[in-house]
Amino acid sequence: MEALLDQLVERNELDQEELVCLLQQLKTGSRDRLFHLAVQTRKLHYSETVYLRGLIEFSSFCRQDCLYCGLRRSNTEAERYRLTEAEIMECAEEGYRLGYRSFVLQSGEDAYYTEARLIRIVTGIRRRCPGAAITLSVGERSEGFYRALFEAGADRYLLRHETASRPLYQSLHPGMSYDNRMECLRVLKSIGYQVGTGFMVGLPGQTLSHLAEDLLLLKKLQPHMIGIGPFIPHSRTPLGEMQGGTVDDTLVMLALARLLVPDALMPATTAMGTLDPLGREKALQAGCNVVMPILSPLRVRRKYALYENKICMGDEAALCRDCIEMRIAASGYRIELSRGDHCSYKERPRKYQS
Ligand code: 5AD
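So the number in this note's numbering is just where the residue sits in the sequence shown, counting from 1, plus 605.
Spelled out as structure tokens, the structure:
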């Protein structure tokens with residue numbers, strides 16, 4: 606294991622077979638050195654800084670039917686909601702007053718939010734929240750849509766690949782196409798977005814070999830942001846009775862992702878905090894450097910249930926921030942509310958500046 610880890614750090618590269626071998630060894634052996642190396646690597650690019658992003662979950666309607674997700678369209682028991690344009694902007698404004706300069710607008714794949722509506726929202730947030738970065742996470746759309754929203758001032762886009770294994774991807778995403786997912790990621794990057802991708806750990810049928818593929822895909826795509834979280838079964842989905850992923854297995858994947866893409870911005874996900882009260886802190890100790898407190902209005906929080914027992918359902922935006930800040934500072938990090946761009950990011954041409 607030591608030799609493989611050395612090789613990974615020196616060349617930040619391993620092939621599929623070596624990665625599987627390393628993952629096998631990490632299942633039983635000590636992970637301390639891996640986590641230490643991941644933390645060292647993060648420090649090289651971002652020192653002790655942890656970036657906060659205000660997350661606005663603005664619609665729980667979804668046209669897709671992903672087998673793992675509580676928002677899948679076949680889940681007729683899911684309560685659906687949409688925030689109005691005014692409500693979304695109020696959320697961002699409240700976050701702005703609290704100091705946030707980075708917002709993530711996330712929803713199910715909801716056709717109600719057309720290009721025109723989202724352009725109005727992005728433009729409105731840019732006007733009311735000067736200097737803030739805007740990240741969209743609204744699923745697979747056309748190239749024209751992605752371009753128009755970038756022109757309107759969206760800076761970043763999150764679209765997890767979910768799993769790099771084509772057969773596993775196809776079995777979990779009825780009616781969707783692996784190739785289209787990859788094409789969306791390629792197009793987003795070519796337009797100039799800072800792009801985030803990532804996957805779930807512990808999906809039913811997922812093997813170490815699949816996880817090695819996920820890591821190699823990250824290495825190939827070189828995303829600016831990487832989101833990795835454990836799969837958490839939702840009782841109202843076809844995978845409700847399956848085993849979920851574990852915090853420990855996810856930590857290993859986070860640390861390896863950090864070594865393979867050393868300068869990525871990596872969130873300690875809510876899913877980690879849901880499985881373990883200290884899950885997000887542990888993720889920071891495995892190389893993560895972003896936390897995303899939820900800014901959505903309290904009355905809709907529970908309804909954005911990708912999985913059950915999600916944390917942070919009762920805390921107002923201000924409280925949520927205090928709680929997270931305390932936790933992060935207690936772990937020895939420095940909190941930043943700034944835009945938190947990727948370290949390679951160059952300023953946009955003036956036309957896009959607030
Ligand atoms: N458990 C964990 N993560 C999930 N996601 C969706 N459903 C679940 C679940 N049951 C993740 C997907 C998606 C992101 C927004 O949430 O990876 O891209």
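Glycine is no exception: its CB is placed at the ideal position from the N, C-alpha and C atoms.
Hey, is Cys674 close to the ligand 5AD, as in C-beta under 7 Å from one of its heavy atoms?
Because some heavy atom of the ligand 5AD lies under 7 Å away, the Cβ of Cys674 counts as near it: yes.
Going by C-alpha to C-alpha distance, which of Leu826, Ala738, Pro902, Tyr798 sits closest to Leu942?
Distance check between Leu942 and each of Leu826, Ala738, Pro902, Tyr798 places Ala738 closest, using alpha-carbon atoms only.
At a cut-off of 7 Å, is Ile661 close to the ligand 5AD when judged by its beta-carbon and the heavy atoms of the ligand?
Taking non-hydrogen atoms of the ligand 5AD into account, the C-beta of Ile661 is found less than 7 Å away from none of them.
Does the stretch 846-865 come close enough to the stretch 806-814 to have 3 or more Cβ pairs within less than 8 Å?
Verdict: yes, contact present.
Going by DSSP in three states, Gln799 sits in which element: helix, strand or coil?
Reduced to three states, the DSSP call for Gln799 is strand.
Spatial neighbours of Glu699 in its chain, beta-carbon cut-off 6 Å, leaving aside the 5 residues before and after:
Within the same chain, and ignoring the five residues on either side of Glu699 in sequence, the residues whose Cβ sits closer than 6 Å to its Cβ are Ala922.
Between Arg765 and Gly803, how many whole angstroms is the CB-CB distance? I'm expecting something under 8 Å.
Contact annotation, Arg765 with Gly803: C-beta distance approximately 4 Å; criterion of less than 8 Å satisfied.
Just to confirm before moving on: does the CB-CB distance between Ile831 and Ala862 stay below 8 Å?
Yes.
Using a threshold of 8 Å, state whether the C-beta atoms of Gln629 and Leu813 are closer than that.
Yes, the pair counts as a contact, with Cβ atoms nearer than the cut-off.
Closer than 7 Å to a non-hydrogen atom of the ligand 5AD - does that hold for the CB of Ile831?
Closer than 7 Å to some heavy atom of the ligand 5AD: that does not describe the Cβ of Ile831.
Roughly how many angstroms lie between the CA atoms of Ala691 and Val800, to the nearest whole one?
Cα to Cα, Ala691 sits roughly 27 Å from Val800.
Backbone CA spacing between Pro902 and Tyr718 [nearest angstrom]
A direct Cα-to-Cα measurement between Pro902 and Tyr718 gives close to 19 Å.
His839: CB within 7 Å of a non-hydrogen atom of the ligand 5AD
Checking the Cβ of His839 against the ligand 5AD gives yes.
With respect to 7 Å, is the separation between the Cβ of Gly834 and the closest non-hydrogen atom of the ligand 5AD below this value?
Taking the Cβ of Gly834 as the reference point, at least one heavy atom of the ligand 5AD falls within a distance shorter than 7 Å.
Mapping DSSP to helix, strand and coil, what is Tyr783?
For Tyr783, the three-state secondary structure derived from DSSP is helix.
For Gly945 versus Ser707, is the C-beta distance shorter than 8 Å?
Their beta carbons are under 8 Å apart, which means Gly945 touches Ser707 by this criterion.
Ignore the nearest five residues each way along the sequence and tell me which others in Glu684's own chain have a CB closer than 6 Å to its CB.
In chain order, Lys908 place their CB closer than 6 Å to the CB of Glu684, counting only its own chain and leaving out the 5 sequence neighbours on each side.
Helix, strand or coil: how does DSSP classify Gly659 here?
Gly659: strand per DSSP, three-state reduction.
Which residue marks the beginning of the beta strand (DSSP E) containing Ala738, and which one marks its end?
If you look at Ala738, you'll find it in the beta strand (DSSP E) that goes 738-742.
Under 7 Å Cβ to Cβ from Tyr783, same chain only, skipping five residues before and after it: list those, please.
Cβ within range, chain order: Arg771, Tyr774, Gln775.
Where does Ser776 sit, in a helix, a strand or coil, going by DSSP?
Looking at Ser776 - three-state DSSP - the assignment turns out to be helix.
When you measure from the CB of Asp767 to every non-hydrogen atom of the ligand 5AD, does any distance come out below 7 Å?
Before going on, a small fix: residue 767 reads as Glu here, not Asp. The answer is yes for Glu767.
Which of helix, strand or coil does DSSP assign to Tyr673?
Of the three classes helix, strand and coil, the one that applies to Tyr673 here is coil, per DSSP.
Identity of the residue in Tyr701, His650, Ala869, Met877 nearest Pro735 by Cα
It is Tyr701 whose Cα lies nearest to the Cα of Pro735.
Looking only at its own chain, which residues have a Cβ that is under 7 Å from the Cβ of Ile724, when we skip the five neighbours before and after it?
Closer than 7 Å at Cβ, skipping near neighbours: Ala753, Leu754, Ala757.
Arg722 in three-state terms, based on DSSP:
Arg722: helix per DSSP, three-state reduction.
Got a sec? Which residues, its chain only, sit under 7 Å from Lys915 by beta carbon, not counting five neighbours each side?
The residues are Thr875, Thr879.
Under 8 Å by Cβ, that's how I've got Leu889 and Ala910 pegged, so tell me the actual separation to the nearest angstrom.
Rounded, the Cβ-Cβ distance is 25 Å, inconsistent with contact.
Leaving aside the five residues before and after Ile726 along the sequence, list all residues of the same chain whose C-beta is less than 6 Å from its C-beta, in chain order.
Closer than 6 Å at the Cβ level, and outside the excluded window around Ile726, lie Glu690, Ile693.
From Lys794, Met877, Ser679, residue whose alpha carbon lies closest to that of Gly834
Of the listed residues, the one whose Cα sits closest to Gly834 is Met877.
Arg677: which of Phe640, His829, Tyr762, Gly845 sits nearest, CA to CA?
Distance from the Cα of Arg677 is smallest, within the candidate group Phe640, His829, Tyr762, Gly845, for Gly845.
Is Tyr717 close to the ligand 5AD? I mean its beta-carbon at under 7 Å from any heavy atom of the ligand.
No.
Using DSSP with H/G/I as helix, E/B as strand and the rest coil, what is Arg761?
Collapsing the DSSP output to three states places Arg761 in a strand.
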